[in-house]
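Quick notes on the structure that follows.
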Amino acid sequence: MAQTLTIGKALNLGLRKALEDDAKVVLMGEDIGKLGGVFRITDGLQKDFGDDRVVDTPLAEAGILGTAVGLAMRGYRPVCEIQFDGFVYPAYNQIVTQVAKLHARSRGRFPMPIVIRIPFGGGIGAVEHHSESPEAYFAHTAGLKVVAVSNPADAYWGIQQAIAHPDPIVFLEPKRRYWDKGEVDVDATPDPLFSSRVVRGGDDVTVLAYGPMVKTALQAAAAAAEEGRSLEVVDLRTVSPLDLDPVYASVRRTGRCVVVHEAPTNLGLGAEVAARVTEECFHSLEAPVLRVGGYDTPYPPAKIEEEYLPDLDRVLDAVDRAMGF
Amino acid sequence: MAQTLTIGKALNLGLRKALEDDAKVVLMGEDIGKLGGVFRITDGLQKDFGDDRVVDTPLAEAGILGTAVGLAMRGYRPVCEIQFDGFVYPAYNQIVTQVAKLHARSRGRFPMPIVIRIPFGGGIGAVEHHSESPEAYFAHTAGLKVVAVSNPADAYWGIQQAIAHPDPIVFLEPKRRYWDKGEVDVDATPDPLFSSRVVRGGDDVTVLAYGPMVKTALQAAAAAAEEGRSLEVVDLRTVSPLDLDPVYASVRRTGRCVVVHEAPTNLGLGAEVAARVTEECFHSLEAPVLRVGGYDTPYPPAKIEEEYLPDLDRVLDAVDRAMGF
Amino acid sequence: MTALPPTTEVVDPVPGAGAPHLPEQPDLVQLLTPEGDRVEHPDYPLDVSDEELRGLYRDLVLVRRWDAEATALQRQGELGLWASLLGQEAAQVGAGRAMAAEDMAFPTYREHGVAWTRGVDPLHVMGLFRGVDNGGWDPVARRFNLYTIVIGAQTLHATGYAMGVQRDGADEAVLAFLGDGATSQGEVNEAMIWASTFSAPVVFFCQNNQYAISVPIERQSRVPLFHRAAGFGFPGVRVDGNDVLAVLAVTRAALTAAREGQGPTFIEAFTYRMGAHTTSDDPSRYRLASELEEWKLRDPIARLKAHLSRSGAADADFFASVEADGDELAARIRRGTLELAEPAGPSMFDHVYADPPAELLRQRDEFLAYHASFEGEGS
Amino acid sequence: MTALPPTTEVVDPVPGAGAPHLPEQPDLVQLLTPEGDRVEHPDYPLDVSDEELRGLYRDLVLVRRWDAEATALQRQGELGLWASLLGQEAAQVGAGRAMAAEDMAFPTYREHGVAWTRGVDPLHVMGLFRGVDNGGWDPVARRFNLYTIVIGAQTLHATGYAMGVQRDGADEAVLAFLGDGATSQGEVNEAMIWASTFSAPVVFFCQNNQYAISVPIERQSRVPLFHRAAGFGFPGVRVDGNDVLAVLAVTRAALTAAREGQGPTFIEAFTYRMGAHTTSDDPSRYRLASELEEWKLRDPIARLKAHLSRSGAADADFFASVEADGDELAARIRRGTLELAEPAGPSMFDHVYADPPAELLRQRDEFLAYHASFEGEGS
Ligand SMILES: Cc1ncc(C[n+]2csc(CCOP(=O)(O)OP(=O)(O)O)c2C)c(N)n1
Ligand SMILES: Cc1ncc(C[n+]2csc(CCOP(=O)(O)OP(=O)(O)O)c2C)c(N)n1
Ligand SMILES: [Mg+2]
Ligand SMILES: [Mg+2]
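Chains as they are written, first to last, in our numbering: chain A, 746 to 1070; chain B, 746 to 1070; chain C, 49 to 427; chain D, 49 to 427.
Pasting the structure below:
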């Protein structure tokens, strides 16, 4: 049965489903209880599942992730909410040296089914540290997996798939799109968690995006179409591991590729995608893979964030350059 | 006057010089006093400069970097030693949200002349967390600069240049090469800190490396020469900002490029180099830029680390593949 | 799950909004009762002239007025966000006025009252919340650091700065601000360990306003926060945070001790966040109106006003003039906020480094060329 | 720089190796004097059978023997590194033997003595230091977590695990080990805050062996470490870490309290690292021989041996048999260590994920093909 939901509501329903389906699922984070989280993603869950399963923690991210590791060792499936992207760093030591490595360290004896939910990205007019895109820090870390959703259906299914998955997953939620609506069929069979998806067919240039930038890429494709230019848009969906076979197939047809993300360009995900696509599709490429990303600066003050963030025009500009080669 | 020094001794002399030249320089870290650091890089410095200038800190990396920020605000030039690469993560929050951003946040009123010394890389037969290469985590962070030295002369001059520099610098020391010897002319005029250097000329393939891998790349070049294959080797020296103009010039000649590092390949520095070189030298490339890096796994137990680390053979293998395209 | 043992202390069992937060507190330092009666405390003698008292009253009223105007401006869409200090005026003004000119302050994001006492132009603070910059004041000239939003990070900066003061042999102290929730951050505990070990001249001023957004203090500590200090080897004291005189006396004493080389002190200013955490928050979801009512009776301004009137230190004209100053300040803040210059897009590239790399300058040029390409277009 | 005030406490002024570390300590819990006399403590009654006493003695001797053999093997190049427990046998054996079968331990990298009491095969521990793996024992079956090398990280794991125990309503407690230096890590302080707030059934067992590598305890805290706990709202106790009976009694009491829902306890086991930090360390650079001599007089094994002989609980034959067991154990460890199977290169790809991504499997195949290409070649 299909219904129209926002990404935020879809996540809320997905979390509720996960709590119902598995008694070992425990939500942990700052203000996720009575308040329901600053974005209300956990709204109503503590009331219905109790404060042993929806835990308002002390104010310390390392503590959240470190105790989540212990709970996972005890057989629980912790789902940790980091309030904003810019506040995940105090937990970085636990994430990189423990969460990511314990399965290998224990030769498989300690699975780490931990989900780290992070509202990420900019565009909401916030103060410093509330608009960042830290995905590359996690994707470069062996032992972690990283997912970024772009729509309500993927949000609803993705959060449930992530919680059911045996490996630790950084689950990135496009905060500025929390209120975007879309169809969710709760009876459908969802696509696999770690797969990319062609969301619009095209022949001239392959445009890659994930999370909040998928909408931007689709807008660019629509605008390009009016100028008779056909863009194929791929929603990567999974940042690590990358599912690039559909991308290679696309680029072998189009010969051109543009990758878009909000994170700083230097060593952003676009670098890895460009390196792999170039290696796989070398003889098919008419132009180098071009990257449209945030600039290599700290995220700027809200009044100028729109000039920092990739938008429709910057994507089209890159498409022009790709065509121009 | 030139002398033969190990990298470790060159760093020790460079630090001593910096302490002599500027009364505001303060060394901070775990066991850097009486012990002289676990690698003896600060040997004798506390005895000669006192424990206000060479400070044995409590055991907490966030504390080291966080207090270093305060000292920098007060006009000091802190040089922080992180005992091993794998132990920098507790300080990650201070490094990414404060050290890297304070100059921008204060619109230039708070320079952050902080040097973060990290012995990095593997090959010393150590236990977990003592052999990692975290450079990409820092290079992706706007506001930081990252340097990796490969020889005694660069170590001697580089540490002094880094300490004198106004921006925060992650200074990576190739721990397994600490005992490698080389000529240091303490009267010479050093190359600029943020410049790459062609360390061996060649025509067939351009090989890029930094830190401990420079020696490996040179060994590969020597071996290749015997098979009549000529490799140009570039010591990148600076990881962020990258100085790629000499690389572009080289690749435009050779048409082939291989980049080598110990860090995991996925989103390692090789990805960024590949993306930029491809964009700049697209029409000159005979083959995609190939990467030789660590595998996308946690650093393995010591008994098999040599199979994890890039070595002469793996570099030559990549060179063959590049030539084969 | 094993039941939580009853807490032996003044705080509520978890979970627990709504229960009374101020039972008998023998430890609480108070010099002015909620009714406005001046009382003495053996350890904290304080003599303040009537003029000083009037000055403190004026500070309290003006920062509250500023706060009210900022909240209104945010509602009208002129600020992206506002973190209200309502209810915490005495804690902030008392602490700020206790500082010597050379002392350095390290605020969180809520210390507008301290900013006021340091002579920071309110418009600089407004600029941060309007999104034009990250706080435009000169932290060195004002001896007031920029706001730090990452919870607790500034406590380590304050401690390191204090270590610099020691090395300079300067007669200065450092005042580090933090909230009750911040006491759970590892970095804050490290700051206290550092300060204790090096006997750094830093005072940790914790405004326990009972909540970290929606999370009550009981979730951060089951014992009074000021007990924490003893565990680290330095004195801790709990002061009535709604009593500007007590806060002034206690903070002054701690800063003096720090300057004299006696090391750090932890001050817990027991107060209450009368408003929402920020303008994006909805306290009705997690706390009871009754709690707010109870705290209204402890209003920091009312009690000083009562004292001033009763003691004859101030008359109706004075109170009227302060009101007038408040209106003027509010008008100036409103006007000034609306007139704040918008930053230029390319400014995002400025000051990222003291010595910007070529690649960044290239990005800047690209940015300029790209935006120039739209010139005229469509507009 | 402002002079450091004299410390009011038992520890030395910084910097300060060499000064006596055990002045009068009224707080120190002791049940067996250095001379081997059994004394009583009002809070910690303990009755142990002669058999138990002999068992404890045997543990102490065997783990010391193991440690000596491991040190020798490292010198001979058979181990990459060894972290010696010499001097800390009583702290580790006492703590380990205080645990119930179902209790879970979270060690650092030095708790070989605890590993012994949990039935972990010493060869698994040797494997870690030989570099064949990161510790091959089954942490779930042995109720003994793998070693954690990142200082302090395991204290949060222990606390989280204890929160799981609460949720399971299980009659279990958790024992988290840490060193004196670790108490400065933010994460360790967060673990204590969590444990206190949630009243988790976890006991923090801190072996204060006076040093963090070269850094003396005074650099971590100017007051006794066990004071820290009160600041977080739970009990702290200092026990003579070289007295296996006192450690046993104190740890048992704390674990029982935890199981009964009374929440955490912090135990400071006051002891001394008689050897180097690890085989790569050189203590002569930072501490005086006199200090070592002083601590020799407090040897944990000698005092129990004296007690056993004097009380007649053990005779010469017993002591001889334990020596023989030690020789046998050492021989087995030596033989077993040299015979430890070397890991296969491709094993680095195993267990990185429970569900390995295609890209990683591709790297594994590439690895295999690449190494296959050398087959026969040159060899
Ligand atoms: C490291 C970090 N985590 C989370 C946040 C989000 N956050 C902002 S304010 C706040 C609560 C702070 O509470 P408290 O320390 O009591 O200060 P108060 O806001 O009450 O003045 C939180 C969780 C943050 N800013 N930094
Ligand atoms: C986060 C981190 N920083 C630094 C180190 C390096 N290191 C290993 S042991 C040690 C000292 C630990 O001292 P203590 O906690 O007293 O334990 P002990 O070794 O004395 O048993 C240090 C600094 C580490 N392992 N982890
Ligand atoms: Mg608060
Ligand atoms: Mg120790």
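Backbone N, C-alpha and C define an ideal beta-carbon position, used for all residues, glycine too.
Check, Outcome
"Do D/T245 and C/Q124 have their C-beta atoms closer together than 8 Å?", "no"
"Return the CA-CA distance between B/D716 and A/P879, expressed in angstroms with no decimal places.", "Because chain B here runs from 746 to 1070, residue 716 of chain B falls outside it and cannot be looked at."
"Decide if A/D990 is buried, meaning its Cβ has at least 16 other Cβ atoms within 10 Å, or exposed.", "exposed"
"Please give the ranges of any beta strand (DSSP E) in the stretch 151–201 of chain D, keeping only runs that are unbroken, at least 3 residues long and fully inside the region.", "152–154"
"Which one or two residues does DSSP pair with D/S359 in a beta bridge?", "DSSP, once it has assigned bridges, lists no residue as partnering D/S359."
"Against A/Q843, what residues of chain D qualify as contacts under a CB-to-CB distance less than 9 Å, listed in chain order?", "T196, V198, A201, Q202, L204 and H205"
"Here's a check: name, in chain order, each residue in its chain whose Cβ is nearer than 6 Å to the Cβ of B/E1081, leaving out the five neighbours to either side.", "Here chain B covers residues 746 to 1070 and nothing more, so residue 1081 of chain B does not appear."
"Measure the C-alpha to C-alpha separation of A/L764 and A/T787 and round it to an integer number of angstroms.", "11 Å"
"Assuming the contact rule is C-beta atoms closer than 8 Å, B/H874 and D/V188 should be a hit. Round their C-beta distance to whole Å, please.", "About 23 Å separates the two Cβ atoms, so there is no contact after all."
"Judging by CA-CA distance, which residue of D/V111, D/Q202 and D/Y259 is the nearest neighbour of B/L804?", "D/Y259"
"How long is the line joining the alpha carbons of B/G808 and B/G868, rounded to whole angstroms?", "29 Å"
"Would you mind telling me which residues of chain D sit closer than 8 Å to B/D711, beta carbon to beta carbon, in chain order?", "What is shown of chain B runs 746 to 1070, which leaves residue 711 of chain B out entirely."
"Quick check: the stretch 164–182 of chain D against the stretch 328–340 of chain D, are at least 3 beta-carbon pairs closer than 8 Å?", "no"
"Are A/N983 and A/S1029 closer than 8 Å when you measure CB to CB?", "Correcting the residue type first, residue 983 of chain A is Thr in the shown sequence and not Asn. No."
"Give the straight-line distance between the Cα atoms of A/I904 and A/C825, rounded to the nearest whole angstrom.", "12 Å"
"For chain C, check one thing: does any of its Cβ atoms lie closer than 8 Å to the Cβ of D/I241?", "yes"
"Check whether the Cβ atoms of C/G212 and B/G815 sit closer than 8 Å, and answer yes or no.", "yes"
"Confirm the yes/no value for this check: CB of C/D228, any heavy atom of ligand 6, distance under 7 Å.", "Among the ligands present in this structure, namely ligand 1, ligand 2, ligand 3 and ligand 4, ligand 6 is not found."
"Report yes if the C-beta distance between B/A813 and B/P823 is below 8 Å; otherwise report no.", "yes"
"How would you list, in chain order, the residues of chain D whose beta-carbon sits under 8 Å from the beta-carbon of A/T886?", "Ordered by position in chain D, no residue passes the 8 Å Cβ test against A/T886, which lies about 11 Å from the chain."
"Check the DSSP bridge columns for A/T983 and list the partner residues they point to.", "A/V892"
"Tell me which residues of the stretch 767–780 of chain B have at least one Cβ-Cβ distance to chain D shorter than 8 Å, keeping chain order.", "E775, D776, G778, K779 and L780"
"Taking the CB atoms as reference points, tell me whether D/N290 and D/P348 lie closer together than 8 Å.", "yes"
"List the residues of chain D whose Cβ lies closer than 8 Å to the Cβ of B/F832, in chain order.", "V198 and I199"
"Decide yes or no for the touch test of the stretch 1007–1021 of chain A against the stretch 1015–1032 of chain B: beta carbon pairs closer than 8 Å, at least 3 of them.", "yes"
"Go ahead and label A/V1064 buried or exposed: buried means 16 or more other beta carbons lie within 10 angstroms of its beta carbon, across all protein chains shown.", "buried"
"Going by other Cβ atoms of all chains shown within 10 Å of its Cβ, with 16 needed for buried, is D/F422 buried or exposed?", "exposed"
"What would DSSP say about B/K926, mapped onto helix, strand or coil?", "strand"
"Check whether the stretch 130–149 of chain D touches the stretch 406–423 of chain D, taking contact to mean three or more Cβ pairs, one atom from each stretch, closer than 8 Å.", "no"
"Taking Cβ positions only, does B/A813 come closer than 8 Å to chain C?", "yes"
"Run the proximity test for D/R286: is its beta-carbon closer than 7 Å to any non-hydrogen atom belonging to ligand 4?", "no"
"For the stretch 871–902 of chain B, which residues have a beta carbon sitting closer than 9 Å to at least one beta carbon of chain D?", "A871, V872, E873, H874 and H875"
"Do you know whose CA, among B/E775, B/L1057 and B/V979, lies nearest B/S995's CA?", "B/V979"
"Skipping 5 residues on each side, what residues in its chain have a beta carbon closer than 7 Å to that of A/L790?", "L760, R761, L764, L772 and V799"
"At a threshold of 7 Å, does B/Q843 count as lining ligand 1 (C-beta to nearest heavy atom)?", "no"
"Hey, is the stretch 904–922 of chain A in contact with the stretch 948–965 of chain A, meaning 3+ C-beta pairs nearer than 8 Å?", "yes"
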